[in-house]
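Chains as they are written, first to last, in this note's numbering: chain A, 47 to 275; chain B, 47 to 275.
These notes are about the structure you will find just below.
Number of protein chains: 2
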Amino acid sequence: MSRQPAGNRPVSTDDTGRPVRLALTREYIVRTALAILDRDGVAGLSMRKLAAELGTNPMAFYHHLPNKAALFDGVVEAAYAEIDIDIEALARTGTWRDMLTTFARSLRDVLRHHPHVLAIIATRPAYAPSILGLADRALGGLRGSGFTDRDLLVMVNALRAFTIGHVLAEVGEPVGGPTPTEEEAVGLLDRYPNLARAVSGGYQPQEQFEQVLQAMLDGFEQWSPPRTG
Amino acid sequence: MSRQPAGNRPVSTDDTGRPVRLALTREYIVRTALAILDRDGVAGLSMRKLAAELGTNPMAFYHHLPNKAALFDGVVEAAYAEIDIDIEALARTGTWRDMLTTFARSLRDVLRHHPHVLAIIATRPAYAPSILGLADRALGGLRGSGFTDRDLLVMVNALRAFTIGHVLAEVGEPVGGPTPTEEEAVGLLDRYPNLARAVSGGYQPQEQFEQVLQAMLDGFEQWSPPRTG
DNA sequence: CCCCCTGGTATACGACGTATATCTACTATA
DNA sequence: TATAGTAGATATACGTCGTATACCAGGGGG
């Protein structure tokens, strides 16, 4: 067995027909890690599996990333980058409520789209440039809406906190392995009559998210004297 | 070396003076695990370290717990159990706002008190009997406040989600190791002028939490026609 | 030409969760 | 009191993990 093209790392050929491996870059490593996370979960992503997937040696990564935590940082950054809102267009055509609603919904969509990355995102301070940049542009777009800069930031942070907490409760992957299933919990419910009555209509995450989101915006509205135009 | 009293597990003597180890129970194991988590963080809690702390063998736990995930479940349960609110008294003397405010503040206090357990709590569905029981009693205490059972549950869940998200952003321990420090992030801030202006007043978690909490309650208030008495 | 530097590889170490088998000491029964 | 059964503690071992260390290939500049 030669050492040339091993594993299932994408291989192309140059103009002489000789096989050429895709260059190993931070970007490429992180993208593959995100794919593995989405497919196999946090426990399914090890440096060794990632290396096998890329047809290389686990130690090769350490020329591009200092350690596994940095890989996680990159994955978080990549996931956040999927929040793609045209802030400037929204700022022209919509109200501050539209803007914050779109922000919260987009964040929820992205988090739900990467449930296995959620635990990593949730427990990491939002220092990723993509989220900082988004927040900065959102704040810029919200200027002139009658709120102070501080209150605007508090709103954005509050919506982020609620959204993360909400999606965590909905689809989060428990740290440290699986927990009792929902059926087992339902079995407990008859010991809690008030709870049982309240959930009898079923769990509707989407509706509840929207309901609370609008309530929060209603509450924020009172932070500013009403404005026209 | 005898095998009798090893490690630093608490050892007492019975009435004949013979050394007697404290009985290994699920409760005792979980309590010790919580203490280790608080002291050393998630990465600092291994079955082997826990065994050393208790002066026993790692495999001894498996007669009381099926695996490490169950240990985490127990720790979450123990942490939630620290939320000690006299719901019935509150229901007699306070409004629904008082009740929900107390619930959110107590939850925040407990989460902040166990920052290293937060990642475990946050990513685990709240099926623990202690939190189910608390929610059930809260719902019972809130009956007759003019809200439907469903809306009451939505409120409680929303406050839990926001509080968890808020404390995660404040003190959470990142899954998978440390992240860039706050100073490094502050260095990035001058690339984001709107953000920089908004945070110029400093980060005041307590004040922001209270501000958003009251805004959420303001929003909830509109779900019900106003009541007197 | 050779040297160095970037980046891939090989090997190894200590720690992890836990399967399996064995042992110890107590309880119940006779 | 003797004995069988059992619950719980222990010893050992396996496979996996992140990553430190050492080595190596190959290409560009003197």
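By construction, the Cβ of each residue, glycine as well, lies at the ideal position given by its N, Cα and C atoms.
8 Å Cβ shell around SER23 (chain A) - same chain, five flanking residues per side excluded = Any answer about residue 23 (chain A) is impossible in this case: the structure gives chain A only from 47 up to 275.
How long is the line joining the alpha carbons of PHE107 (chain B) and THR139 (chain B), rounded to whole angstroms?
-> The straight-line gap separating the alpha-carbon atoms of PHE107 (chain B) and THR139 (chain B) is approximately 45 Å.
Separation of TYR249 (chain B) from MET145 (chain A), as counted between CA atoms | Rounded to whole angstroms, MET145 (chain A) to TYR249 (chain B) spans 23 Å at the Cα level.
Tell me, please, whether the CB atom of VAL163 (chain A) is closer than 8 Å to any CB atom in chain B?
-> Chain B, which has no Cβ nearer than 8 Å to the Cβ of VAL163 (chain A), makes this no.
So, is the C-beta of HIS212 (chain A) closer than 8 Å to a C-beta in chain B?
-> True, the Cβ-Cβ gap to chain B drops below 8 Å.
Should ASN103 (chain A) be flagged as near chain B, meaning a C-beta pair shorter than 8 Å?
-> Under the 8 Å criterion on CB atoms, ASN103 (chain A) is classed as non-interfacial with respect to chain B.
Quick one: which chain B residues come within Cβ less than 8 Å of PRO112 (chain A)?
-> At a beta-carbon threshold of 8 Å, none of the residues of chain B lie near PRO112 (chain A); the nearest stands roughly 10 Å away.
Burial state of HIS162 (chain A) (16 or more Cβ within 10 Å) = Looking at its Cβ environment, which holds 16 or more other Cβ atoms inside 10 Å, HIS162 (chain A) is buried.
Could you give the distance in angstroms between the alpha-carbon of ARG158 (chain B) and the alpha-carbon of VAL88 (chain B)?
-> Approximately 15 Å, taken between the alpha carbons.
Between the CA atoms of ALA172 (chain A) and LEU178 (chain A) - distance to the nearest angstrom | Put simply, the backbone Cα of LEU178 (chain A) is about 7 Å away from that of ALA172 (chain A).
Exposed or buried, what is ASP236 (chain A) when buried is set at 16 or more other beta-carbons lying within 10 Å of its beta-carbon?
-> When all chains shown are included, ASP236 (chain A) counts as exposed.
Can you check whether the CB of HIS110 (chain B) is closer than 8 Å to the CB of THR71 (chain B)?
-> Taking the C-beta atoms as reference points, HIS110 (chain B) is found nearer than 8 Å to THR71 (chain B).
Compare the C-beta of ARG281 (chain A) against all C-beta atoms of chain B and say whether one is closer than 8 Å.
-> Past the edges of chain A, shown from 47 to 275, lies residue 281 (chain A), and the structure says nothing about it.
Assign ASP130 (chain B) to one of two classes, buried (16 or more other C-beta atoms within 10 Å of its C-beta) or exposed (fewer than that).
-> The residue in question, ASP130 (chain B), is exposed, as its Cβ has fewer than 16 Cβ neighbours within 10 Å.
Between the C-alpha atoms of ARG243 (chain A) and VAL121 (chain B), what's the straight-line distance to the nearest angstrom?
-> For ARG243 (chain A) and VAL121 (chain B), the gap between their C-alpha atoms comes out near 28 Å.
Using a beta-carbon distance below 8 Å, is VAL76 (chain A) in contact with chain B?
-> With a threshold of 8 Å between beta carbons, VAL76 (chain A) makes no contact with chain B.
Exposure of GLU216 (chain B), with buried meaning 16 or more beta-carbon neighbours within 10 Å = With a 10 Å radius around the Cβ and a threshold of 16 neighbouring Cβ atoms, GLU216 (chain B) comes out buried.
Can you list, in chain order, the residues of its chain whose CB lies under 7 Å from that of ASN103 (chain B), leaving out five sequence neighbours each side?
-> ALA97, listed in sequence order.
Can you list the residues of chain B that LEU178 (chain A) reaches, using a CB-CB cut of under 7 Å?
-> The answer, in chain order, is LEU234, TYR238, LEU241.
Checking contacts by CB at 8 Å: is PHE208 (chain A) closer than that to chain B?
-> It does; some Cβ of chain B falls within 8 Å.
Own chain, CB closer than 7 Å to MET201 (chain B), minus 5 neighbours either side, in chain order = Non-local C-beta neighbours of MET201 (chain B) in its own chain, meaning closer than 7 Å and more than five positions away in sequence, comprise LEU146, PHE266, ordered along the chain.
Cβ of ALA137 (chain A) within 8 Å of Cβ of GLY187 (chain A)?
-> The answer is yes: Cβ separation under 8 Å.
Note down, one range per segment and in chain order, each alpha helix (DSSP H) of at least 4 residues found wholly within the segment 58-111 of chain A.
-> Unbroken alpha helix (DSSP H) stretches of 4 residues or longer found wholly inside the segment 58-111 of chain A: 72-86, 93-100, given in chain order.
Which residue comes first and which comes last in the alpha helix (DSSP H) that contains GLY211 (chain A)?
-> Taken as a continuous stretch (DSSP letters only), the alpha helix (DSSP H) holding GLY211 (chain A) covers 195-217.
State yes or no: is the beta carbon of MET262 (chain A) nearer than 8 Å to at least one beta carbon in chain B?
-> For MET262 (chain A), the answer is yes, since a Cβ of chain B falls inside 8 Å of its Cβ.
Measuring CB to CB, does TYR238 (chain B) end up less than 8 Å from ASP195 (chain A)?
-> Not closer than 8 Å, so no.
How about ARG196 (chain B): is its C-beta nearer than 8 Å to some C-beta of chain A?
-> For ARG196 (chain B), the answer is yes, since a Cβ of chain A falls inside 8 Å of its Cβ.
Residue-chain proximity (GLN268 (chain A), chain B), Cβ-Cβ < 8 Å = So yes, GLN268 (chain A) belongs to the interface.
For chain A, find out if any of its Cβ atoms is closer than 8 Å to the Cβ of LEU185 (chain B); answer yes or no.
-> So yes, LEU185 (chain B) belongs to the interface.
Straight-line gap, ASP264 (chain A) to LEU205 (chain A) (C-alpha atoms, nearest Å) = One C-alpha to the other measures close to 13 Å.
Integer-rounded CB distance, given that GLY233 (chain B) should sit under 8 Å from ALA207 (chain A) = Rounded, the Cβ-Cβ distance is 24 Å, inconsistent with contact.
Which chain A residues sit within Cβ distance under 8 Å of GLY140 (chain B)?
-> Going along chain A, no residue has its Cβ under 8 Å from GLY140 (chain B), so there is no contact; the nearest lies around 18 Å.
If you run the structure through DSSP and keep just helix, strand and coil, what is GLY265 (chain A)?
-> Three-state result, GLY265 (chain A): helix.
Have a look at A:ASN240, A:LEU259, A:LEU164, A:THR169 and flag the residue whose alpha-carbon is nearest the alpha-carbon of VAL213 (chain A).
-> Of the residues A:ASN240, A:LEU259, A:LEU164, A:THR169, the one whose Cα lies closest to the Cα of VAL213 (chain A) is A:LEU164.
If you measure from the beta carbon of ALA244 (chain B) to each beta carbon in chain A, is any gap under 8 Å?
-> So yes, ALA244 (chain B) belongs to the interface.
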